[in-house]
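Chemist:
Numbering (the UniProt record's numbering), first residue to last: 1 to 107.
1. Please report the distance separating the alpha-carbon of residue 76 from that of residue 87.
2. Using the three-state DSSP reduction, which class does residue 71 fall into: helix, strand or coil?
3. Express the C-alpha separation of residue 4 and residue 34 in angstroms, rounding to a whole number.
4. If you follow the alpha helix (DSSP H) that residue 81 is part of, which residue opens it and which one closes it?
5. Any idea what DSSP makes of residue 48, helix, strand or coil?
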């Protein structure tokens, strides 16, 4: 703290956690503070709803289909149509029973 000309805005020293030289020089990521001690920490992963996953998968599938079939004015294979319809049903809420995304076509 001696680096600073003023300690205004800093917490009281009793509320801070001291670091060893190894902790100071060590990684700054993957650690947190619990009960006044430095501990390993992995932040929780955000929960992405099935609807959001379907929306993203639908966007990717549409791009793939256009690039591989639409741009060539070729018909979209039935397996891709079925996949798109399943994703659209999840995205728009008409499919209320699925708990995971459908498997995409092999090609």
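Glycine included, every Cβ here is placed at the ideal spot set by N, Cα and C.
Small disclaimer: the values here were computed from a predicted structure and weren't measured.
Modeler: Checking against the coordinates, here is how it stands:
1. Distance from the CA atom of residue 76 to the CA atom of residue 87, rounded to whole angstroms, is 16 Å.
2. helix
3. 26 Å
4. Annotation: the continuous alpha helix (DSSP H) that includes residue 81 extends over 78 to 92.
5. coil
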